[in-house]
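Novice: Numbering (my numbering), first residue to last: 5 to 120. Beta carbons: idealized from backbone N, C-alpha and C, even for Gly. Structure in structure tokens, see below.
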Amino acid sequence: QVQLVESGGGLVQPGGSLRLSCAASGSIFNIYAMGWYRQTPGKPRELVALISSGGTENYADSVKGRFTISRDKSKSATVYLQMNSLKPEDTAVYYCNAQVPRGGYWGQGTQVTVSS
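Shown next as structure tokens:
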């Protein structure tokens with residue numbers, strides 16, 4: 005079992021920045037990738053960014069150049085999502101995900117609202 009706790013969401017004006025954090029605990033040695041997804045009402049959950057245990061990063065086209073996913077190497081089960089130049093269309097509930105060989109785990113989600 006893996007438990008994920010997210011933090012860092014909130015309300016920000018267009019063009020602003022936020023940093024999301026996700027701390028994993030439990031059987032973290034099984035995790036081979038962690039990522040962030042987001043979801044708005046009536047739409048499927050979509051991948052925002054992913055980082056593998058080897059450090060390879062992948063991003064959705066809509067956030068490339070604005071968002072950065074990273075890991076805290078001193079805390080190997082903690083990942084961050086630095087979000088810059090935020091747009092109203094980035095408004096969503098953001099979920100942390102941890103991938104293990106037999107599936108994945110999700111955090112509870114954190115709301116990000118971009119509005120003036």
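Return the Cβ separation of R23 and L90 in integer angstroms, given the expectation that the two are a contact with Cβ distance under 8 Å.
Specialist: Taking the first residue of the sequence shown as 1, we reach residue 23 at position 19. Taking the first residue of the sequence shown as 1, we reach residue 90 at position 86. With a Cβ gap of about 11 Å, R23 and L90 do not count as contacting.
Novice: I'd like to confirm the pairing. Which residues does DSSP put opposite A64 in its beta bridges?
Specialist: In the sequence shown, residue 64 corresponds to position 60, counting from 1. According to DSSP, A64 bridges with nothing at all.
Novice: Can the beta-carbon of G69 be found less than 8 Å from the beta-carbon of L54?
Specialist: Here residue 69 refers to the residue found at position 65 of the sequence shown. Here residue 54 refers to the residue found at position 50 of the sequence shown. No, they are not a contact pair.
Novice: With DSSP as the reference, label I55 as helix, strand or coil.
Specialist: Position 51 of the sequence shown, counted from the first residue, corresponds to residue 55. Reduced to three states, the DSSP call for I55 is strand.
Novice: Which one of V6, P92, R106 has the shortest CA to CA distance from A27?
Specialist: Sequence index remark: in the sequence shown, residue 27 carries index 23 (1-based). For the residues V6, P92, R106, the minimum Cα distance to A27 belongs to V6.
Novice: DSSP beta-bridge partners for A96?
Specialist: Here residue 96 refers to the residue found at position 92 when the sequence shown is read from its first residue. Answer by DSSP bridge pairing, in chain order: V116.
Novice: For F33, count the other beta carbons within 10 Å of its own beta carbon; 16 or more makes it buried, fewer makes it exposed. Which is it?
Specialist: Within the sequence shown, numbered from 1, the residue matching residue 33 stands at position 29. Exposed: under 16 other Cβ atoms inside 10 Å.
Novice: Measure the alpha-carbon distance for L15 versus M87 and round it to whole angstroms.
Specialist: Residue mapping note: residue 15 aligns to position 11 of the sequence shown, counting from 1. Residue mapping note: residue 87 aligns to position 83 of the sequence shown, counting from 1. Rounded to whole angstroms, L15 to M87 spans 13 Å at the Cα level.
Novice: Beta-carbon within less than 6 Å of S25's beta-carbon, same chain only, minus the 5 sequence neighbours each way: which residues are those?
Specialist: Within the sequence shown, numbered from 1, the residue matching residue 25 stands at position 21. Correct list, in chain order: S11, G12, Y84.
Novice: Quick test of your reading: P18 and P92, contact by CB under 8 Å. State the CB separation rounded to the nearest angstrom.
Specialist: Sequence index remark: in the sequence shown, residue 18 carries index 14 (1-based). Sequence index remark: in the sequence shown, residue 92 carries index 88 (1-based). Between P92 and P18 the Cβ distance is about 6 Å, and since that is below 8 Å, they are a contact.
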